[in-house]
Amino acid sequence: MSARPRLLPWSDPSGKPCYLVTDHHGYVSQVADEMEDVQLRTGTELLAIGLEMLNEKKVSAGELRFLANRLCEALRDALRVAESRGKRLPEPEE
1 MSARPRLLPW SDPSGKPCYL VTDHHGYVSQ VADEMEDVQL RTGTELLAIG
51 LEMLNEKKVS AGELRFLANR LCEALRDALR VAESRGKRLP EPEE
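Here UniProt numbering is used: the first residue of the sequence shown is 1, the next is one more, and so on.
Take a look at the structure:
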């Protein structure tokens with residue numbers, strides 16, 4: 001079985017996706033796994049903060065805009081993690 005390219009949890013400087021052809025056991029794969037975990041934890045923390053902010057009465061538009069931008073970044077990261085992990089699932093047998 002040949003290795004399939006893995007979508008990495010970061011982009012190149014121009015914003016293009018980065019891929020790694022690997023057996024998923026090397027150093028870069030481990031770093032990518034750790035980065036995915038950090039990204040997902042960050043998204044979870046931002047969600048909790050966002051829910052708290054939405055329950056506050058005195059939150060400025062600037063604060064909400066900042067939160068919205070961070071939540072968009074977290075969603076982008078989570079979708080990339082989901083895509084990467086989905087592509088690594090074994091092919092279904094017919």
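C-beta: ideal position from N, C-alpha, C; glycine also.
- C-beta atoms of Pro5 and Tyr19 nearer than 8 Å: As a working note, residue 5 is residue 5 in the sequence shown. As a working note, residue 19 is residue 19 in the sequence shown. A contact, by the Cβ cut-off of 8 Å.
- Query: Per DSSP, which one or two residues make a beta bridge with Pro9?
  - Reply: Counted from its first residue, the sequence shown places residue 9 at position 9. Looking at the DSSP assignment, Pro9 forms no beta bridge with any residue, so it has no partner.
- Along the beta strand (DSSP E) that carries Val21, what are the first and last residues, could you check? Walking along the sequence shown from the start, residue 21 turns up at place 21. Segment 17-21, the beta strand (DSSP E) holding Val21.
- Message: So for Met1, helix, strand or coil by DSSP?
- Response: The residue labelled residue 1 in the question sits at position 1 within the sequence shown. Per-residue confidence for Met1 stands at a pLDDT of 47, beneath the threshold of 50, marking its modelled position as unreliable; no derived number is given.
- Cβ distance (whole Å) where Ala74 is taken to contact Gly43 below 8 Å: Position 74 of the sequence shown, counted from the start, is the residue given in the question as residue 74. Position 43 of the sequence shown, counted from the start, is the residue given in the question as residue 43. So it is a contact: roughly 4 Å between Cβ atoms.
- Quick one: give me the first and last residue of the alpha helix (DSSP H) that Arg88 is part of. Stepping through the sequence shown from its first residue, residue 88 is reached at position 88. Premise fails: Arg88 is in no alpha helix (DSSP H) and is neither H nor E.
- Per-residue DSSP class, three states only, for Val31: Numbered from its first residue, the sequence shown carries residue 31 at position 31. Three-state result, Val31: helix.
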